[in-house]
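Per the working numbering, residue 2 is the first one in the sequence shown, and the count goes up by one each step. Note that CB positions come from ideal geometry on N, CA and C, so glycine has one too. A quick write-up on the structure given underneath.
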Amino acid sequence: MLVAWRKKQPGDVNQREALCKALREVGDINLADKLSDNQPSTSKQATTQRALSCSQTPGELDDSSLYDIAEQIDANEWTRLAAKLGFNQARISHFKDNHSNVRDQINGMLVAWRKKQPGDVNQREALCKALREVGDINLADKLSEYSASDVQSLNAANICEDELKSHYDETGSFVEMNPWCDDLKKPIADMFTKLQLITGEGKTECTFESYEDMFLLKTREGKLIPMAVLSGLAGRGKTTLFGKITYDWAFGSCEVLQKYKLVFLLKMCDLKQESDLIDAVFEQLLAENTSVDRNALGSYIKMNSGKVLILLDGFDELRTTILNKSSFGSILKILNRRMCRGCTVLVSTRPSHLVRLTTKELIQQPFTHVRVMGFSEEDITEYVNKFYCDEPTKAEGLLTRIGSSDLLSVLAESPMLLLMMCSLWSEDSEFPETMSGLYHNAVDEVGKRKDVSEQEIKRVVIELGKVGLQGLLFPDQVLSFKESDFEPGVLSLALKAGILTTQRVVKGRVPHSSVQFIPKTFQEFCSALYLQNLFEVDTQEFQKILNKIMSKSPVDFEYLLRFCCGGNEACTFEILNVFLEKCKNRLSVEDRVGQLALHCYFESQCKYLPPEKFIQAVLCDSIELDGLNVDTLLSVAYFLRRVAEVSGSIHLDKIKTLTIWSCELTRSIKDIAFAMTAMTNLHDAKFIDNTANENTHVLKSLRHLPNLVSLSLCDIQFDVTTSWRMHLKELKPLQELDVSSSSLNGQDMVHVAESIKYLPNLVSLDVSLNKLVGTAASWGMYLKELKPLQRLNLSYCSLNGKDMVHVAESVKDLPNLVSLDVSLNQIVGTAASWGMHLKELKPLQRLNLRNCSLNGQDMVHVAESVKDLPNLVSLDVSS
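Right, here's the structure in full:
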């Protein structure tokens, strides 16, 4: 029945939509939804037949060509062409009724015209003739230039498209639910969880709703940005995201991807700077016996770059570490836009290699920088519930355990590590505190599942690490190995356990097996265990390797060094001493090298403090934590807390200024607050644009510091609770308080004003950028009690005329007030009610009424009042 129905459908009818509509009308909603949501890719046979037909019939136009032509036909003139091609007015109306989009109407008409052409007709020539007869000479000329080589290239593209979709269907439709159990898989459509994808910085920061948004960003001139760099820490889901993109393209489930005829997903760990795109496609993606013509495929890509999407996974794993522009192959030339301009390119990298990637030799503006942040709290919940879809109790237990630990919450943001946690949760009820501890548990789990003793699995890991370390230390950092690089017994067990994976790779038409760790962090973990073992048996060789690492760039070996310190105090202190020797001037918490050293100390969970000279190198009189990620903040906070716990204020009294900007402090605020209690010489503390649930910890830690004279709590959101007020009033030495842009309301201002009246030394108060409209009646009276106050900033507080009356009445009694800023408040036409109070501000030196929308009558009242101020040196009434 369905076959007979299909045969009688006109060529321009979307058969899928028509069948979906009929299914819904008879009540089969589920099948209709499946049919509309999961459009399968074209079968290999159909695509191959289409390609062969293209090559056998001169002048035949395929769907892609017709679609391109439809886009170039004038939307107001296409009906003339339709008439010239033999369609009557009724049929033209039919095209319009069936498609709401003009482009689709034209395309439907062309498809219907092609369908009724006899087999011996040269479709291209026939269409060219019709275009010329209706006056579209330019398009006709373009179409007539199509040559036999174009047909050959399209033939190659058609076959390649089919092979790619088949490959992505086979390799990307399922995800492993257990990294060490090959037969435990679920459909990617069921398990894929949206990642946090963020672009822009500061006020321009934007979170994408889905990966599709990356393909829609435009320049200021309105042109689509064809290149994007995805940066994210190891295990944040970059590779899985690329896999989902290829899956969606192969199955036609993402509209934004449908313009691409070819999508190439290439692993950069198998590439060098000299690598060629076509070579890489044949080696990594196409079958060994493919019939795709290499030259014809290259020709198609060159002529149709706008239909090509290239996904380059893992720039940080590129086998060439020192780049030479003169040696670039076509892949890197595509990145620097010397070749295939117009194609879309997405390239992923760890943050450590972002600067190297975005240089004038490689990627330049315009490009989109997307930060792959992994999972949010909601995403973690969604993923765990998907993993344990049939065991909700286990899901709830794991989520509770993750939520109870700051570190586990951080680690769970990594999709790779969350998968590992889910796999381990069924067996264990506890997780370690560090990343190295979690990987140790993972390796132990491997041994249990594969019935390998703990001693044997440790031996295997160390042997693997010996090979892995050689790869990491190699100038081009080898991440893919030959089977012969490993001892046969070790290789066999590692493959069985799932620590190593092997795949068939064809290079130069010669197949061989490529062996890799899963993922790269396992190579770094195994290498670290080998180093730990080497430290015990050959300290001199250990020192030699460590010096080699430090002489290169320690941040390029971050995970290797962190894992090497995991649970091993002796190795940790040796590594910290080398940091001290080689990088003494880079050990501040602002420097990435210093942050890495603190990561190492955190991984060790040492009972003792680092060497005193190391502590002195890390700490200075001014500490600034600007935009640090949660992982780094945890390590910094752990170090500061340990110093405070063990030595009190002996080292921390060195700190005089502490500034924390744009940080997520929720998981580290308690440790930082504890450390601050020992910063006895701290005189200036700034917390700006941070996120934290319990800011009370900060005030509690500061209340007994004898030298704190300046405090800023800006661009944050907090509830001014009773305990908050209690701690604020205890800051007796405080001279300057800044709570600007902190979402304070009128009631909050009451609490703030009530508290600060107990501060005998307060000379400066800044509450600007808080919405206090219509509330001054409740807090204004407290201002008059701030007798020491010299500077008051109430700018941009949405104050109205009545608010100004209460403010002016209160501040007139302040004997030391020399500066009053009420700018950027809409107080037009109200100066008559508050202007007279200004004349009593005898000490006033600076008055700011800028952008207050004052009118002429307002200015009369202001001028009459300020003329009696003997000390006034600055008056701003500009707009």
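Can you list, in chain order, the residues of its chain whose CB lies under 6 angstroms from that of residue i, leaving out five sequence neighbours each side?
i: Cys853; result: Asn826 and Ile828
i: Gly881; result: Shown here, the chain extends from 2 to 880; a query on residue 881 therefore has no answer.
i: Asp654; result: Thr681 and Asn682
i: Ala297; result: Gln153, Ser154 and Ala157
i: Pro900; result: Beyond the ends of the chain as shown, which are 2 and 880, falls residue 900; an answer cannot be given.
i: Phe432; result: Leu409
i: Val647; result: Leu610
i: Leu738; result: Leu712 and Leu766
i: Arg792; result: Ser765 and Ser820
What are the boundary residues of the beta strand (DSSP E) that includes residue i?
i: Arg792; result: Arg792 to Asn794
i: Lys788; result: Where Lys788 is concerned, there is no enclosing beta strand (DSSP E), given that its DSSP letter is neither H nor E.
i: Cys715; result: Ser711 to Cys715
i: Asn849; result: Arg847 to Asn849
i: Val27; result: Counting along the chain, Val27 falls outside any beta strand (DSSP E), and DSSP gives it neither H nor E.
i: Glu737; result: Glu737 to Asp739
i: Asp822; result: Ser820 to Asp822
i: Asp877; result: Ser875 to Asp877
i: Leu766; result: Ser765 to Asp767
By Cβ distance below 7 angstroms, which residues in the same chain neighbour residue i in space, the five residues on each side in sequence not counted?
i: Gln124; result: Gly60, Glu61, Leu62, Arg115 and Gln118
i: Leu412; result: Leu418, Met436 and Leu439
i: Leu700; result: Trp725, His728 and Leu729
i: Ser410; result: Ile403, Gly404 and Arg668
i: Ala809; result: Trp835, His838 and Leu839
i: Leu790; result: Leu763, Val764, Leu766, Leu815, Asn817 and Leu818
i: Cys565; result: Ala529, Leu532, Gln533, Cys572 and Ile576
Tell me where the alpha helix (DSSP H) around residue i begins and ends.
i: Met551; result: Thr540 to Lys553
i: Asn630; result: No alpha helix (DSSP H) contains Asn630, which DSSP labels as neither H nor E.
i: Glu457; result: Glu455 to Leu474
i: Ser300; result: Arg295 to Met304
i: Ile311; result: Element bounds for Ile311: not the alpha helix (DSSP H) but the beta strand (DSSP E), Val309 to Asp314.
i: Ser834; result: Ala832 to Leu839
i: Leu773; result: First-last for Leu773: undefined, no H or E at that position.
i: Leu496; result: Pro489 to Ala498
i: Leu653; result: Ser650 to Leu653
i: Lys866; result: The question names Lys, but residue 866 is Ser in the sequence shown. Unbroken alpha helix (DSSP H) run through Ser866: Gly857 to Val867.
i: Leu90; result: Note that residue 90 corresponds to Gln in the displayed sequence, not to Leu. Counting along the chain, the alpha helix (DSSP H) containing Gln90 begins and ends at Gln90 to Asn99.
i: Ala288; result: That residue, Ala288, is in no alpha helix (DSSP H); it is neither H nor E in DSSP.
i: Glu810; result: Gly802 to Val812
What is the C-beta distance between residue i and residue j, in whole angstroms, given that I count them as a contact (C-beta under 8 angstroms)?
i: Leu855; j: Val874; result: Not quite, the Cβ-Cβ distance comes to about 20 angstroms (not below 8 angstroms), so this is no contact.
i: Leu659; j: Leu683; result: 6 angstroms
i: Pro555; j: Leu577; result: Going by Cβ atoms, the distance from Pro555 to Leu577 rounds to 12 angstroms, so no, they are not a contact pair.
i: Gly836; j: Val863; result: 5 angstroms
i: Trp662; j: Asp627; result: 4 angstroms
i: Gly315; j: Lys268; result: 6 angstroms
i: Ala676; j: Arg642; result: 5 angstroms
i: Ile656; j: Asp690; result: Actually they are not in contact, since the Cβ atoms of Ile656 and Asp690 sit about 21 angstroms apart, beyond 8 angstroms.
i: Ser493; j: Gln517; result: Wrong, their Cβ atoms sit about 16 angstroms apart, outside the cutoff.
i: Lys813; j: Leu787; result: 13 angstroms between Cβ atoms; not a contact.
If we cut at 7 angstroms on Cβ distances, does residue i have a partner in chain C?
i: Tyr560; result: In the structure shown, chain C cannot be found, because there is only a single protein chain.
Among residues of its own chain, excluding the 5 on either side of residue i, which ones have a beta-carbon nearer than 8 angstroms to its beta-carbon?
i: Ala131; result: Leu82, Lys85 and Leu86
i: Ser824; result: Ser796, Tyr797, Asn849, Leu850, Arg851, Asn852, Cys853 and Asp877
i: Ser834; result: Gly802, Lys803, Met805 and Val806
i: Ser866; result: Gly836, Met837, His838, Leu839 and Lys840
i: Ala645; result: Leu653, Phe675, Ala676, Thr678 and Ala679
i: Leu581; result: Leu588, Pro612, Lys614, Phe615 and Ala618
Discussion item. Measuring CB atoms only, is the segment 368-377 touching the segment 325-345, in the sense that at least three cross pairs come out at less than 8 angstroms?
Written reply: No contact exists between the segment 368-377 and the segment 325-345.
Practice prompt. Any chance you could list the alpha helix (DSSP H) runs of at least 4 consecutive residues sitting entirely within the segment 340-400, in chain order?
Written response: 355-358 and 378-388
Worksheet item: Can at least three beta-carbon pairs, one atom from the segment 588-602 and one from the segment 632-644, be found at a separation below 8 angstroms?
Response: yes
Worksheet entry | Length at least 4, wholly inside the segment 218-262: the alpha helix (DSSP H) runs in chain order | 239-251
Discussion item. With a threshold of 8 angstroms, are at least 3 pairs of Cβ atoms found where one atom belongs to the segment 734-749 and the other to the segment 768-779?
Written reply: Enough Cβ pairs lie closer than 8 angstroms, so yes.
Worksheet entry | At least three beta-carbon pairs within less than 8 angstroms, the segment 700-717 to the segment 731-739 | Counting Cβ pairs under 8 angstroms, three or more are found: they touch.
Worksheet item: So does the segment 461-472 actually touch the segment 526-542, counting three or more Cβ pairs closer than 8 angstroms?
Response: yes
Discussion item. Just to confirm the assignment: which complete alpha helix (DSSP H) runs, minimum length 4, are found wholly within the segment 568-641?
Written reply: Counting whole runs of 4 or more residues, the segment 568-641 contains the alpha helix (DSSP H) stretches 570-583, 593-605 and 613-619.
Worksheet item: At which residue ranges does the segment 659-701 contain complete beta strand (DSSP E) runs of 3 or more residues, listed in the order of the chain?
Response: Runs of beta strand (DSSP E) with 3 or more residues, each lying fully within the segment 659-701, are found at 685-689, listed in chain order.
Worksheet item: Do the segment 469-488 and the segment 315-327 touch if we need at least three Cβ pairs shorter than 8 angstroms?
Response: yes
Worksheet item: Below 8 angstroms, can you find three or more Cβ-Cβ pairs linking the segment 270-282 to the segment 444-460?
Response: no
Discussion item. Quick check on the DSSP output: what are the complete alpha helix (DSSP H) runs of length 4 or more inside the segment 119-170, in order along the chain?
Written reply: 124-134 and 138-145
Fill in: Segment contact flag, the segment 345-362 with the segment 235-244, C-beta cutoff 8 angstroms, min 3 pairs
yes
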